[in-house]
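> Sharing a structure, written as structure tokens. Questions coming.
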Amino acid sequence: MPGSSRSDQRIGLLNGFAAYGMWGLVPLFWPLLKPAGSGEMLAHRMVWSLVFVAAALLVVRRWKWAGELLRQPRRLGLVAVAATVITVNWGVYIWAVNSGHVVEASLGYFINPLVTIAMGVLLLKERLRPAQWAAVAIGFAAVLVLAIGYGQPPWISLCLAFSFATYGLAKKKVNLGGVESLAAETAVLFLPALGYLLWLGSQGESTFTTEGLGHASLLASTGVVTAIPMVCFGVAAIRVPLSTLGLLQYLAPVFQFLLGVLYFHEKMPPERWAGFGLVWLALTLLTWDALRTARRTARALREQLDRAGSGVAPAGIKESTAARDSEIVASGTPAPDLAKQQPRAQGQHDTAISGP
Numbered sequence: 132m133p134g135s136s137r138s139d140q141r142i143g144l145l146n147g148f149a150a151y152g153m154w155g156l157v158p159l160f161w162p163l164l165k166p167a168g169s170g171e172m173l174a175h176r177m178v179w180s181l182v183f184v185a186a187a188l189l190v191v192r193r194w195k196w197a198g199e200l201l202r203q204p205r206r207l208g209l210v211a212v213a214a215t216v217i218t219v220n221w222g223v224y225i226w227a228v229n230s231g232h233v234v235e236a237s238l239g240y241f242i243n244p245l246v247t248i249a250m251g252v253l254l255l256k257e258r259l260r261p262a263q264w265a266a267v268a269i270g271f272a273a274v275l276v277l278a279i280g281y282g283q284p285p286w287i288s289l290c291l292a293f294s295f296a297t298y299g300l301a302k303k304k305v306n307l308g309g310v311e312s313l314a315a316e317t318a319v320l321f322l323p324a325l326g327y328l329l330w331l332g333s334q335g336e337s338t339f340t341t342e343g344l345g346h347a348s349l350l351a352s353t354g355v356v357t358a359i360p361m362v363c364f365g366v367a368a369i370r371v372p373l374s375t376l377g378l379l380q381y382l383a384p385v386f387q388f389l390l391g392v393l394y395f396h397e398k399m400p401p402e403r404w405a406g407f408g409l410v411w412l413a414l415t416l417l418t419w420d421a422l423r424t425a426r427r428t429a430r431a432l433r434e435q436l437d438r439a440g441s442g443v444a445p446a447g448i449k450e451s452t453a454a455r456d457s458e459i460v461a462s463g464t465p466a467p468d469l470a471k472q473q474p475r476a477q478g479q480h481d482t483a484i485s486g487p
């Protein structure tokens, strides 16, 4: 029913805003966990995330994927890679927020689509359109401007961008749902994280049991803070076009940037504004080119169907078009040549979904 469809889209859009909004506002959360150090916060996030998602999966009885995954060593290896790089990403982000580098952390997620494009060219041998090359060149110029302004490369931003792009590539190849993927990755991280927390306790350096019930509850809530946006994203992903989600992803770094400037009062000298301005220009160019290409792709497909004498697109074509929209808008991956119409190669990257 049309009304039901519109209602589903509204629900999906609200959940999309909620997911990316929560990821954008998460810099407000990590300082609340002090006096715990960044390492302890990270370890608690790993442990309690597994507890939360495992409980959720038990309730909905979605465990069939786990048995299939355990029988596929290659996918297990990719899960381990994804778990490793997301540990780096989470750890650097938590440290950056608690050390007064929220703006620089937001830059990492702004330039992530540009890094994803560069990795596609270098690792997957993808071909870029001229506008995409221009966006990458502008992004590189922005990094140079920021490096000159900082007196060194923006290591926090680059580490976050490259670790998140690598995570997205590994996550795509594993091909698990958002909650299932988080469960698999945190299962890999669980024992090392738990061992670290036990070691902290043996050294008398753990804050979990020494700073009161409220502090312990906040540390335990890291699992909820990690998993709830994933649930909201899952609701949104099946109800709104993936291209819309690709555009919504920019909400998170925008909120983080505004928090860094307006709430944490981080300095924004002229050279930093110039660098961010170049990054935003590159993303504007990338998004404009992506939307233009998506419209052309959809129009060409409709013309092909009209010539074939069919007024309704087969389901497979609709699904592949949606997938291309997501890739184009979120990561800059070029759409396939309509004249050749080859299927997408397995492992080609879509939007990487995981909060900071």
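For what it's worth, the working numbering labels the leading residue of the sequence shown as 132, then goes sequentially.
We put the CB at the ideal spot given by N, CA and C, even for glycine.
Quick caveat, the model's predicted, so the values are computed rather than measured.
Helix, strand or coil, according to DSSP, for Y381 in the structure here?
Reduced to three states, the DSSP call for Y381 is coil.
> Taking buried to mean at least 16 other C-beta atoms within 10 Å of its own C-beta, is T297 buried or exposed?
With 16 or more other Cβ atoms within 10 Å, it is buried.
> Provide the residue span of the alpha helix (DSSP H) that contains S180, from first to last.
Element bounds for S180: S169 to V191.
> Mind reading off the beta-carbon distance from M172 to T424? Whole number of angstroms is fine, and I expect it under 8 Å.
Not quite, the Cβ-Cβ distance comes to about 41 Å (not below 8 Å), so this is no contact.
> Tell me the rounded alpha-carbon separation between Q435 and K302.
Cα-Cα distance, rounded: 34 Å.
> Who are the near neighbours of G143 in its chain, counting only those whose CB is closer than 6 Å to its CB and skipping five residues on each side?
Closer than 6 Å at the Cβ level, and outside the excluded window around G143, lie A367, R370 and V371.
> Under the three-state reduction of DSSP, which class applies to K449: helix, strand or coil?
Unreliable placement is indicated for K449, whose pLDDT of 44 sits below 50; the coordinate value is still reported in the next sentence. Correct three-state label for K449: helix.
> One question on the structure: do L320 and H175 come within less than 8 Å of each other, judged by their Cβ atoms?
Cβ distance not < 8 Å, so L320 and H175 don't count as in contact.
> Assuming F293 is part of the alpha helix (DSSP H), what are its boundary residues?
Residues W286 to V305.
> For T340, which three-state DSSP category applies?
Coil.
> Would L328 be called buried (16 or more neighbouring beta carbons within 10 Å of its own) or exposed?
The residue is buried, with at least 16 neighbouring Cβ atoms inside 10 Å.
> Give the C-beta separation of G270 and A413 to the nearest angstrom, bearing in mind that I take them to be a contact with Cβ-Cβ under 8 Å.
The pair is a contact, with the Cβ atoms about 4 Å apart (cut-off 8 Å).
> Is it the case that the Cβ atoms of V410 and A249 are separated by a distance below 8 Å?
The answer is no: Cβ separation not under 8 Å.
> Go ahead and pull the three-state DSSP assignment for M250.
In the structure shown, M250 sits in a helix (DSSP, three-state: H, G or I).
> What are the boundary residues of the alpha helix (DSSP H) that includes L200?
K195 to L201 is the extent of the alpha helix (DSSP H) around L200.
> Would you give the residue range spanned by the alpha helix (DSSP H) that I359 belongs to?
Counting along the chain, the alpha helix (DSSP H) containing I359 begins and ends at T353 to A368.
> Count the other CB atoms, across all protein chains shown, that sit within 10 Å of the CB of D437; report buried if there are 16 or more and exposed otherwise.
Exposed, since its Cβ has fewer than 16 Cβ neighbours within 10 Å.
> Could you work out which residue in R192, L164, V219 and V246 is closest to E316 when comparing CA atoms only?
Answer by Cα proximity: V219.
> Would you decide whether H232 is buried or exposed? Buried here means 16 or more other CB atoms lie within 10 Å of its CB.
H232 comes out buried.
> Which of the three DSSP states, helix, strand or coil, is assigned to F407?
F407: helix per DSSP, three-state reduction.
> Taking 8 Å as the threshold (C-beta atoms), are L313 and V184 in contact?
Cβ distance < 8 Å, so V184 and L313 count as in contact.
> Between the C-alpha atoms of Q140 and G365, what's the straight-line distance to the nearest angstrom?
So the alpha carbons of these two residues sit roughly 13 Å apart.
> Quick one: grab the DSSP three-state call for T371.
In the sequence on display, residue 371 carries Val and not Thr. In this structure, V371 counts as coil in the three-state DSSP scheme.
> Express the C-alpha separation of L422 and T428 in angstroms, rounding to a whole number.
Taking the straight line joining both Cα atoms gives about 10 Å.
> Whose C-beta lies closer than 7 Å to the C-beta of R206 among residues of the same chain, with five residues either side of it excluded?
Closer than 7 Å at Cβ, skipping near neighbours: L200 and V305.
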